[in-house]
Amino acid sequence: MKVDTIILAGGLGTRIRSILDDTPKCLAPINGRPFIDLLIDDLIKKGFKRFIVCVGYLKEKIIHHLEWRNDCIIVFSEENQLLGTAGAIKNAEKFILSKRFIVLNGDTFVDINFTHWHNNLKELESISLIKSKNSGQYGSVVIDKKGFLKSFLEKTTTNISENYINTGRYFFSKETLSEIPTGQKYSLEYDLFPKLIKKRNISSYIIKNQIIDIGTPESYKTAQKLL
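Numbering (the working numbering), first residue to last: 204 to 430.
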């Protein structure tokens, strides 16, 4: 698939730093292999060949690790300040070659049929969701009866009723980039999407597969068993 893939790997990883010390979260070892290698391996199997990795915190270690790969094209978008999830995408704009592109979080693993999703896209933006009873941990997403995005709810310490959670996988278009300010900290969930919802429909792609997260010590231990 000739679609660029942006991997967001510039976060501080504060919740899991007690375990990883000075290792970037995306390089957290899973049964002897860095997590980001598992992500890229899976995406290559799905037909993707070009990756833009957004790096910030401990970026030298991530770049040094990924430079060896010769089975795909990897471009690094370096951040000198925290830009947030949407700000990181804007910072990578000059590297994006495809009209549509995928964005994914570098600390979660989800098995998605990207080809099916891509072939059914009609809107400029789309978000992948999972129905879950554990939405309090991740924050939940509200969609309407047609599957269009309505709002994001903050993470809570207690679970709310069964709802949809964000998998951290998105399809965007070049047109999306004009909606993100340059050089500012800007969030996908709480800045960009609320802005876009007022302008146009954002579709959702519902999947049933499990989301594997390494953001906390507890979820990291679980990931070791599942991957």
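Glycine included, each C-beta is placed from N, C-alpha and C at the ideal position.
Here the structure is a predicted model, which means the values were calculated and not measured.
Check whether the Cβ atoms of residue i and residue j lie closer than 7 Å to each other.
i      : j      : result
Leu352 : Ile305 : no
Phe251 : Thr208 : yes
Gly371 : Ser407 : no
Glu282 : Gly213 : yes
Tyr389 : Ala289 : yes
Leu324 : Glu378 : no
Leu211 : Cys257 : yes
Ile219 : Pro420 : yes
Leu241 : Ala231 : no
Ser376 : Arg303 : yes
Would you decide whether residue i is buried or exposed? Buried here means 16 or more other CB atoms lie within 10 Å of its CB.
i      : result
Gly386 : exposed
Gly287 : buried
Ile276 : exposed
Pro227 : buried
Ser329 : buried
Lys293 : buried
Leu285 : exposed
Tell me the DSSP secondary structure of residue i in three-state form.
i      : result
Ile222 : helix
Phe251 : coil
Cys257 : strand
Glu263 : helix
Ala289 : helix
Tyr423 : helix
Ile410 : strand
Asp240 : helix
Asp416 : strand
Asn322 : helix
Ile333 : strand
What residues in its chain sit with their C-beta under 8 Å from that of residue i, if we drop five residues either side in the sequence?
i      : result
Thr311 : Thr370, Gly371, Ile414, Ile415, Asp416, Ile417 and Gly418
Ala426 : Ile233, Phe238, Phe312, Ile415, Asp416 and Ile417
Glu296 : Leu380
Tyr367 : Leu332, Ile333, Lys334, Ser335, Ser338, Ser343, Val344, Val345, Ile346, Ser407 and Ile409
Leu300 : Asp207 and Arg253
Ser400 : Per the sequence presented here, residue 400 reads as Ile, with Ser not at that position. Excluding positions up to five away in sequence, the list reads Leu352, Lys353 and Ser354.
Glu392 : Thr288, Gly342, Phe355 and Asn369
Asp274 : Ile247
Among residues of its own chain, excluding the 5 on either side of residue i, which ones have a beta-carbon nearer than 7 Å to its beta-carbon?
i      : result
Lys348 : none
Phe298 : Ile255, Val278 and Ser280
Lys398 : Glu382
Using a Cβ-Cβ cut-off of 6 Å (strictly less than) and excluding sequence neighbours within five positions of residue i, which residues of its own chain qualify?
i      : result
Lys411 : none
Ile266 : Phe279
Is there a C-beta anywhere in chain C that falls below 7 Å from the one on residue i?
i      : result
Pro397 : Looking at the structure shown, chain C is missing, and only one protein chain is on hand.
Run the proximity test for residue i: is its beta-carbon closer than 6 Å to any non-hydrogen atom belonging to the ligand ZN?
i      : result
Ile410 : As presented, the structure is devoid of all ligands, the ligand ZN included, so that no description of it is given.
ask   = Are there three or more Cβ pairs, one per stretch, closer than 8 Å when the segment 308 to 322 is compared with the segment 269 to 280?
value = no
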